[in-house]
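> Chains as they are written, first to last, in our numbering: chain P, -14 to 98; chain R, 20 to 134. I am attaching a structure below and will ask some questions about it afterwards.
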Amino acid sequence: DAKTTQPPSMDCAEGRAANLPCNHSTISGNEYVYWYRQIHSQGPQYIIHGLKNNETNEMASLIITEDRKSSTLILPHATLRDTAVYYCIVWSNSGGSNYKLTFGKGTLLTVNP
Amino acid sequence: NAGVTQTPKFQVLKTGQSMTLQCAQDMNHNSMYWYRQDPGMGLRLIYYSASEGTTDKGEVPNGYNVSRLNKREFSLRLESAAPSQTSVYFCASKKAGSGETYEQYFGPGTRLTVT
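Rendered as structure tokens:
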């Protein structure tokens, strides 16, 4: 499986956009990029995923570079409730290996008033 | 839908005691998972069940056993608890199928302390 690299922590002002980077330089062609977050003491929560194209949903936008070696999760208007650890994960369902959703240490995003 | 539920929420065990952590999902998902999370660490996969009737080891299976009781329920058993098993345990479930890309849904966690 490809591995990901994320900064350990980031700060963001409330109401501003939070841009969380992720490097996945060894990603293979059939691997998706997933983002989850974990608010303190809660179970992880799915945010968004993508393969090649940029994606947007009600929570966030995902920008994937053309070479797919990195991506950025964008929270357009961060609130205090977005303070959490954000995990970037690359994952493939091919070959029946659908269990390999590997969580690293993620990025602790702190949204400040 | 309740989603993924876990019981108990908290548990304290003495070394050598046994216990079973329960997990249930009401989303008709095929796959279920057990993770542990130690302080300051990411999640590590203990066991998973790709579909009813099957179970497989993840990254850290030693000291644990699992049972996929039916499609809804997936339990994790500690036969002889050790202090190294002090952790937060998360259960998750997912629709599954080759070529599909469904997300995992997580339960609220069980906080286990072994003294």
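Cβ coordinates follow ideal geometry from the N, Cα and C atoms, glycine included. Note that this is a predicted model, so its numbers are computed, not measured.
Please say whether glutamate 92 (chain R) and alanine 21 (chain R) have beta carbons closer to each other than 7 Å?
Taking 7 Å as the Cβ cut-off, alanine 21 (chain R) and glutamate 92 (chain R) do not qualify as a contacting pair.
> Could you run through the stretch 64 to 76 of chain R and flag, in chain order, every residue whose CB is less than 8 Å away from some CB of chain P?
Answer set for the stretch 64 to 76 of chain R: Leu64, Tyr67, Ala69, Asp75.
> Can you tell which of P:Cys(-3), P:Lys90, P:Gly35, P:Ala69 has its C-alpha closest to the C-alpha of threonine -10 (chain P)?
Taking only the C-alpha atoms, the option nearest threonine -10 (chain P) is P:Lys90.
> Label leucine 88 (chain R) either buried or exposed according to how many other C-beta atoms from any shown protein chain fall within 10 Å of its C-beta, with 16 as the threshold for buried.
With fewer than 16 Cβ atoms within 10 Å of its Cβ, leucine 88 (chain R) is classed as exposed.
> Using a Cβ-Cβ cut-off of less than 9 Å, list which residues of the stretch 40 to 57 of chain R approach chain P; keep chain order.
Against chain P - using a Cβ distance shorter than 9 Å - the residues of the stretch 40 to 57 of chain R are Ser50, Tyr52, Tyr54, Gln56.
> With the cut-off set at 7 Å, would you say valine 23 (chain R) and glutamine 56 (chain R) are in Cβ contact?
The answer is no: Cβ separation not under 7 Å.
> What does the Cβ neighbour count give for leucine 65 (chain P), buried or exposed, with the cut at 16 atoms within 10 Å?
By the neighbour-count rule (16 or more Cβ atoms within 10 Å), leucine 65 (chain P) is not buried but exposed.
> Please list the partners that glutamine -9 (chain P) has in chain R, where partner means a Cβ-to-Cβ separation under 9 Å.
Those do not exist, as glutamine -9 (chain P) stays about 10 Å from chain R at its closest Cβ, beyond 9 Å.
> Can you look up aspartate 52 (chain P) in the DSSP assignment and give me helix, strand or coil?
Three-state result, aspartate 52 (chain P): coil.
> Report yes if the CB atom of valine 70 (chain P) is closer than 7 Å to the CB atom of glutamine 23 (chain P), and no otherwise.
Yes; because the gap between Cβ atoms is below 7 Å, this pair is in contact.
> Counting only beta-carbon separations shorter than 7 Å, does glycine 82 (chain R) have a partner in chain P?
No, because no Cβ of chain P sits closer than 7 Å to the Cβ of glycine 82 (chain R).
> Can you confirm whether glycine 22 (chain R), when its beta carbon is compared against all beta carbons of chain P, has any partner nearer than 7 Å?
No, glycine 22 (chain R) does not count as interfacial toward chain P.
> Between which residues of its own chain and glutamate 122 (chain R) is the CB-CB distance below 8 Å, once the five residues before and five after are set aside?
Result list for glutamate 122 (chain R): Lys113, in chain order.
> Please classify glutamate 51 (chain P): is it buried, with 16 or more other beta-carbons within 10 angstroms of its beta-carbon, or exposed?
The residue in question, glutamate 51 (chain P), is exposed, as its Cβ has fewer than 16 Cβ neighbours within 10 Å.
> For a contact meaning CB atoms closer than 8 Å, what does proline 61 (chain P) contact in chain R?
The premise fails here: proline 61 (chain P) is roughly 21 Å from chain R at the closest Cβ pair, so nothing lies under 8 Å.
> Examine chain R for any beta-carbon lying closer than 7 Å to the beta-carbon of lysine 114 (chain P), and answer yes or no.
This structure gives no information on residue 114 (chain P), because the portion of chain P shown stretches from -14 to 98.
> Hey, out of P:Arg1, P:Asn4, P:Val18, whose CA is closest to valine 75 (chain P)'s CA?
Nearest of P:Arg1, P:Asn4, P:Val18 to valine 75 (chain P), Cα basis: P:Val18.
> Closest by CA to methionine 38 (chain R), which one among R:Tyr124, R:Ser94, R:Gly128?
It is R:Ser94 whose Cα lies nearest to the Cα of methionine 38 (chain R).
> Determine the closest residue to proline 58 (chain R) out of R:Thr105, R:Gly126, R:Val133, with distance taken between C-alpha atoms.
For proline 58 (chain R), the nearest C-alpha among the options comes from R:Thr105.
> Could you tell me which residues DSSP pairs with alanine 136 (chain R) in its beta bridges?
Look at the range of chain R in this structure, 20 to 134, and you will see that residue 136 (chain R) is not part of it.
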